[in-house]
Structure formats: C-alpha cells, structure tokens
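Trainee:
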Amino acid sequence: MRVIVVDDEDLARGIVREYLAFHQNVQIIAECSNGFEAVKAIAELKPDLVFLDIQMPKLNGFEVLDLLDVRPRVIFVTAYDSYAIRAFEVDAIDYLLKPFSRDRFDAALLRATGEAGNEPHDAVDNLLRNTRARNTPLERILVRDGSRVHVIPTPMVDHIEAQDDYVSIHSGGKKYLKLERLSELETSLDPKLFVRIHRSHIVNIERLARLETYAKDSRIVVLNDGTKLPVSRSGYEKLKRLL
Amino acid sequence: MHPILKDRRTLAVYLLAWLAPGLMLATLLAITVKASWSGAICFSLPAMLVYAFMSLSAWYVCRAFPLPGTDIAKTLSSLFIAALLSSALWLLACYGWASALEWMEPGLAPRESYPDSLPLLASFGIGLFLIAAAVHYLIESLQSARRTERNALELQVLARDAELKALRAQIDPHFLFNSLNSISALTSTDSAAARTMTLMLADFLRMSMNYGALEMIRLEQEIALVQHFLDIEKVRFGSRLVVRTEIGEGTLSAQVPPLLLQPLVENAVNHGIAQLPDGGLLLLRTERDGKSLRLIIRNPVDPRRIKPRGEGMGLQIVRQRLERLYGVESSMDVQDTGGEFVVVLTLPHHGS
Numbered sequence: 003m004r005v006i007v008v009d010d011e012d013l014a015r016g017i018v019r020e021y022l023a024f025h026q027n028v029q030i031i032a033e034c035s036n037g038f039e040a041v042k043a044i045a046e047l048k049p050d051l052v053f054l055d056i057q058m059p060k061l062n063g064f065e066v067l068d069l070l071d072v073r074p075r076v077i078f079v080t081a082y083d084s085y086a087i088r089a090f091e092v093d094a095i096d097y098l099l100k101p102f103s104r105d106r107f108d109a110a111l112l113r114a115t116g117e118a119g120n121e122p123h124d125a126v127d128n129l130l131r132n133t134r135a136r137n138t139p140l141e142r143i144l145v146r147d148g149s150r151v152h153v154i155p156t157p158m159v160d161h162i163e164a165q166d167d168y169v170s171i172h173s174g175g176k177k178y179l180k181l182e183r184l185s186e187l188e189t190s191l192d193p194k195l196f197v198r199i200h201r202s203h204i205v206n207i208e209r210l211a212r213l214e215t216y217a218k219d220s221r222i223v224v225l226n227d228g229t230k231l232p233v234s235r236s237g238y239e240k241l242k243r244l245l
Numbered sequence: 005m006h007p008i009l010k011d012r013r014t015l016a017v018y019l020l021a022w023l024a025p026g027l028m029l030a031t032l033l034a035i036t037v038k039a040s041w042s043g044a045i046c047f048s049l050p051a052m053l054v055y056a057f058m059s060l061s062a063w064y065v066c067r068a069f070p071l072p073g074t075d076i077a078k079t080l081s082s083l084f085i086a087a088l089l090s091s092a093l094w095l096l097a098c099y100g101w102a103s104a105l106e107w108m109e110p111g112l113a114p115r116e117s118y119p120d121s122l123p124l125l126a127s128f129g130i131g132l133f134l135i136a137a138a139v140h141y142l143i144e145s146l147q148s149a150r151r152t153e154r155n156a157l158e159l160q161v162l163a164r165d166a167e168l169k170a171l172r173a174q175i176d177p178h179f180l181f182n183s184l185n186s187i188s189a190l191t192s193t194d195s196a197a198a199r200t201m202t203l204m205l206a207d208f209l210r211m212s213m214n215y216g217a218l219e220m221i222r223l224e225q226e227i228a229l230v231q232h233f234l235d236i237e238k239v240r241f242g243s244r245l246v247v248r249t250e251i252g253e254g255t256l257s258a259q260v261p262p263l264l265l266q267p268l269v270e271n272a273v274n275h276g277i278a279q280l281p282d283g284g285l286l287l288l289r290t291e292r293d294g295k296s297l298r299l300i301i302r303n304p305v306d307p308r309r310i311k312p313r314g315e316g317m318g319l320q321i322v323r324q325r326l327e328r329l330y331g332v333e334s335s336m337d338v339q340d341t342g343g344e345f346v347v348v349l350t351l352p353h354h355g356s
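If you read the sequences in order, they're chains A and B.
162 is the number that my numbering gives to position 160 of the first sequence; each next residue is one higher, with no gaps.
107 is the number that my numbering gives to position 103 of the second sequence; each next residue is one higher, with no gaps.
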C-alpha cells in the first residue's frame, strides 16, 4: 500500500512514519508539509491512503480534498476534535486525535486495508457524539475554475442555490458553480449565519432586506441587492426563530 | 435606620413639607374659631413640628406591614389604628401647648377655643398620619427598587470578574495535545529531548497556574512564562518559529497583570507563524517611556488570509483587562497591515 503523510509539523509526521515502519506492506511515497504540496503530490502520485492533518498553512485538510478531482482514501490526524463531523462527511476512513497510541493507529490502518470488516467503530461513535455541539463551521469555500481556485470567505457569500448536482454560490454579484449537494454544504456552514429557506436555497441572513408575504404559505425574501428568493413554510419557521 | 432621619437634608425637606399643613391649620383655625392670625400661627406651627416627628413612626407600621405580601385589610386597619393613637396623643400635646401659650402670652390663643377646634385637629391628625404613611411606603418602594438594581449590578460585576478569571486561566487544550504529540514522537527518536520537553511543559503549566492566581506579577515573570511557551512551540515548529526578545532598560521589574502577554503570544504563533509555510520572526519588545510601559508583539501573518470579523477572543480579553485595571491610562493598539500584525500595549509603569 502506497501512502502520503501530510502534516506541517516534522515531529507529527515522524510519529506516523514510526508507526508505519511496523507494517511491511506499507510504503511512504511522499511527505508534505503544507496543503499545496499535498494537492500536487496526491494528484500526481495517486496514493492508496493519505494521512492528513487539518490545521495547516494556506490550505487546510478539507480544502486539499476539495481541490482534488479524485478523492483519495483519507485518515485525518489532528489535535482538534471539532472537525470530526465534517471529516466523516467527506468519507474519511478514520479520525486520529493527537496524541494517539500505536494500537489506535493500527486499528485505523486495518480499516483502511479493509481487514477490519464492518464492526461498529466505538472510538469514532463517541467522538461524533461528543463533538456534535462543537462542530467548527466552514470559514471559506474553495471553487475550482479550470486551473484557478476561487477562495470565497463564507461571510461574503450572499446566497446559494441548488442546481442539479451542483450548487451555485452567489457572492458580491458573481456566481461560482461547485460540484456539491446543497444539503452537504448546509451542514458545514455556520447555522447562525446561513439558513436553508427552501429546498433549493440557502441564504446569508446578514443580506436580508425584507420578507414579503403574498398568501398564507407564499413568501419571498428580498436581499440587499434586490434578489428575490422563495421561502418554504419550514424555511419561514427557521427564519422566524433566528430573527 | 429611619430613611428620613438618615441624613439632615432629607429631614430638612421633610420638615419644610410640614409647613404647608401647618399654615393650612392656622388658616382654618383663624376662620373657624376666629382665632387671631398671630395666635393661630403660634399655636399651629409648633404643633405641626411635633406631629411631624410623631408621624415618623408611620415608618415602623410600613416596615411591619410591607405592601406586597400582607393582607390589605389588615394593613389598612393597622394603619388606621396607628393614626387614631398618634392623633390622640397629639391632641393631648396640643392641649398642653395651648395651656402653655395661655400661660406665656394670655389672650394670644385662648385655651377656651380648644374644644371648638377639636374636630378640626383630630381630622388633621388622622389625615396627616395616613399621608405620612403613604409617603413612607413610597420611599420604601423606591429604596427597594434601587437595592434590587444595585444587587443586579453587583452580581453582573462579580460574574464578569469570574468570567475573566476563568478565561485568563484557560490554556488552549490544542496546545497541550500538540505538545503531547511531539513528546510522543520524540520518545523513540530522541528520549533526552522528550524529557526536556516534558519538563518545559510541566514548568509552563505550573507557572501559568501559579501566576494566574495572583493579582500582579513582575514583567520578568511574565516574560519567562512566555519564553517557556515559545520554547515548547519551537520544538513543534522547528526552524519555522524564530523568536527575538528585546527587553528595554528598567522594564523587567514593572508590575503587570499575570498572563497579559501570554494570549497575545499564543495568537502570534497560532494565527501568524503557524499559518505560514516558512514561518517567520516573532518579536517581543518591552520599552519604558517615563511613567508608561510599552509592550510590543510583532509577527508576520499570511496577507491573503481571511481576516476574522471583529476582534478575536484573546485580544478582547486583554483589552477588557487593561480597561478594567487602568482605564484611560492604558491602551491597546492593533495594526494589521501588509502581512504584519502588531499589538502595542501601553500601561502605567508601576515598579515593585
């Protein structure tokens, strides 16, 4: 099995290296100390597994995955437990909390090789239960456009619209298309700032100019830039609760 | 203590207010019993003065029967009985005063007219006592409102203090986890370094706990604490973290609130150095300028990073603590331009 280890700290890569040395069938093909290097190495070398830190300079672990056409199989390695929910939303194999034991590490590796079977994963279940309330919201959205990457800070997003398999992100009069489901994006956004007002619309509540009611269950919101968006009944309930 | 007797001004205002019924009584006496004006006034005003003091007793009725919580009929009947009693006493006093006046100045206020003015005096006595009781109830309710307000404020201040204390004593758990991870990595490759790091971590934790409990520490101690923190972070970040400390003359003995620099240095590492692939230089500088002490922390930041909305938690806490301790004598200046983040704290230089 060919693996890449991504962490901005030397010592943190060192411990992964040390634990991996006990597994003869595993070979480290690259080590990266930041997100850019990781994107490049993963795209070029197509590893079977990536050990990925989350808090790194320039690009964090999730953003690295976002920029890859083919997502590798990933085990997150981090000191922060508040990203656990999002980690499993991007289908992480496991989530190792620093510092971790060799047993815990080997268990994660077993899951990656598929030898662990489908038995329940107690460590991860506990983690998810404990961190649900402390989920760290997304700070920025990355959108690839050919070879360019647009970075949109989430507070700058006006509203988001679902379009088939894509979401169209509206920010400052510009529109960015991203391959993602609206429901997935919704869970990673700050619930104090973004509300799903409709099956296919999420709105930044700081952009709301007014709410207009036409009939009992027919309402629209008007944003500061004049955009009008439909509001469903449950969307209206959510708005009422927030405002 | 009686609220009216508590200070002279209130008492003066209270007695002045009694001038009105005093003059009214004099007028009514002059009209009804055809007393001479001077006689009526000489009788009424001192009589009213006496009654003013007697009516202060309404306070005790108010205290015994606080308005909310007591049966209203019971309160009213007690008040009425008290009014009857005190006015009866007053009538006796009035009789005494009328006799005294007769003896001092015969003919000024003839005692024979006393029985005729009895109904008038009695109704004044009862009425005024009831009014005095009403005034006392009013004072009592105003006072209790002010008391509740003050208690609420005091509680708020206490809560804020506790909150600040808890916040400044807080060590970022991720710092601990990452340091422990470094130690775990070092144990097999360089056990001596692992031990050194364990000791540094222990020292840092002990220092921050000890200092956190104090009101003030010497700047020297704070610098040592920060130095420990940076030494630990240097093990993690390696060559990415370079630290330069410039200590100004006569600054080390200055008294500063504990853990004032620590959150700022932590920010400089977490939001500055750690976000740069090649790291950078963290400058810590202390200066003394006459009576003021300046503490400067400068670090590079990723110029393309997303600036957080508003001030982060660490900066807010430091700002609040400075304001609370030194008010306008202190300031916190934050510059965030061109890939450089500078925090300048200015506070009064108190030597130890």
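In this text, a Cβ means the ideal position worked out from N, Cα and C, and glycines have one as well.
#1: Quick one: Cα of residue 229 of chain B to Cα of residue 211 of chain B, how far?
#2: Taking 9 Å as the cut-off, decide whether the C-beta atoms of residue 182 of chain B and residue 14 of chain A are in contact.
#3: What residue from A/57, A/238, A/107, A/139 has the CA that sits closest to residue 188 of chain A's CA?
#4: Of all the residues that make up the segment 176-188 of chain B, which are near chain A by a beta-carbon distance shorter than 7 Å?
#5: Tell me, which residues are paired with residue 222 of chain B by DSSP?
#6: Nearest CA to the CA of residue 45 of chain A: which residue from A/31, A/55, A/57, A/56?
#7: Around the Cβ of residue 201 of chain B, are there at least 16 other Cβ atoms within 10 angstroms (buried) or fewer (exposed)?
#8: For a contact defined as C-beta to C-beta under 7 Å, what are the partners of residue 142 of chain A on chain B?
#9: Which residues does DSSP list as the beta-bridge partners of residue 164 of chain A?
#10: Are the CB atoms of residue 241 of chain A and residue 224 of chain A nearer to each other than 9 Å?
#11: Just the Cα atoms here: how many angstroms apart are residue 106 of chain A and residue 43 of chain A?
#12: Under a CB-based cut-off of 9 Å, is residue 206 of chain B close to chain A?
#13: Going by alpha carbons, who is nearest to residue 35 of chain B out of B/223, B/117, B/70?
#14: Which partner residues does residue 303 of chain B have in the DSSP bridge list?
#15: As a quick exercise: from A/226, A/221, A/230, A/146, pick the residue whose alpha carbon is nearest that of residue 238 of chain A.
#16: Determine whether the beta carbon atoms of residue 286 of chain B and residue 269 of chain B lie at a separation below 9 Å.
#17: What is the DSSP secondary structure of residue 143 of chain A, counted as helix, strand or coil?
#18: Bridge partners of residue 221 of chain A, per DSSP?
#19: With a threshold of 8 Å on Cβ separation, who are the neighbours of residue 94 of chain B within its own chain once the five nearest residues in sequence on each side are excluded?
#20: Counting only the same chain and skipping the five closest in sequence on each side, list residues whose C-beta sits under 8 Å from that of residue 174 of chain A.
#21: May I ask you to report which of helix, strand or coil DSSP gives residue 338 of chain B?
#22: When the cut-off is 9 Å and only beta carbons count, does residue 279 of chain B lie next to chain A?
#23: Please determine if the segment 70-78 of chain A and the segment 95-102 of chain A are in contact, where contact requires at least 3 C-beta pairs separated by less than 8 Å.
#24: What three-state label does DSSP hand residue 79 of chain A in the structure shown?
#25: Would a C-beta distance cut-off of 9 Å place residue 1 of chain B and residue 234 of chain B closer than the cut-off?
#26: Measure from the alpha carbon of residue 191 of chain A to the alpha carbon of each residue in A/3, A/177, A/91, then state which is nearest.
#27: Determine which residues of the segment 7-21 of chain A have a Cβ less than 8 Å from any Cβ of chain B, and write them out in chain order.
#28: If we count the other Cβ atoms within 10 Å of its Cβ and call it buried at 16 or more, is residue 302 of chain B buried or exposed?
#29: Looking at C-beta atoms only, is the number of pairs between the segment 60-74 of chain B and the segment 20-33 of chain B that lie closer than 8 Å three or more?
#30: Using C-beta distances below 7 Å, list every residue in its chain close to residue 226 of chain A, excluding the 5 sequence neighbours before and after it, in chain order.
#31: Out of B/218, B/219, B/250, which one is the CA nearest neighbour of residue 231 of chain B?
#32: Specify the secondary structure class of residue 290 of chain B as computed by DSSP and reduced to three states.
#33: Taking 9 Å as the threshold (C-beta atoms), are residue 41 of chain A and residue 79 of chain A in contact?
#34: How would you call residue 11 of chain A, buried or exposed, if buried means at least 16 neighbouring beta carbons within 10 angstroms?
#35: Residue 284 of chain B bridges to which residues according to DSSP?
#36: With 16 as the cutoff for other CB atoms within 10 Å, does residue 266 of chain B come out buried or exposed?
Mentor: According to the structure data:
#1: 7 Å
#2: A contact, by the Cβ cut-off of 9 Å.
#3: The shortest C-alpha separation from residue 188 of chain A is found at A/139.
#4: 178, 181, 182, 184, 185, 186, 188
#5: According to DSSP, residue pairing for residue 222 of chain B in a beta bridge involves B/259.
#6: A/31
#7: buried
#8: Going along chain B in sequence order, the residues near residue 142 of chain A (Cβ under 7 Å) are 310.
#9: A/169
#10: no
#11: 26 Å
#12: no
#13: B/117
#14: Note: residue 303 of chain B sits in a beta bridge opposite B/345.
#15: Among A/226, A/221, A/230, A/146, the Cα nearest to that of residue 238 of chain A belongs to A/221.
#16: Going by beta carbons, residue 286 of chain B and residue 269 of chain B fall inside the 9 Å limit.
#17: strand
#18: A/215, A/233
#19: 51, 54, 55, 58, 125, 129
#20: 158, 160
#21: strand
#22: yes
#23: With a cut-off of 8 Å on Cβ pairs, the segment 70-78 of chain A is in contact with the segment 95-102 of chain A, counting three or more such pairs.
#24: strand
#25: As displayed, chain B neither begins before 5 nor continues past 356, which places residue 1 of chain B out of reach and without an answer.
#26: A/91
#27: 10, 11, 12, 13, 14, 16, 17, 20
#28: buried
#29: no
#30: 209, 211
#31: B/250
#32: Strand, per DSSP.
#33: no
#34: buried
#35: B/245
#36: buried
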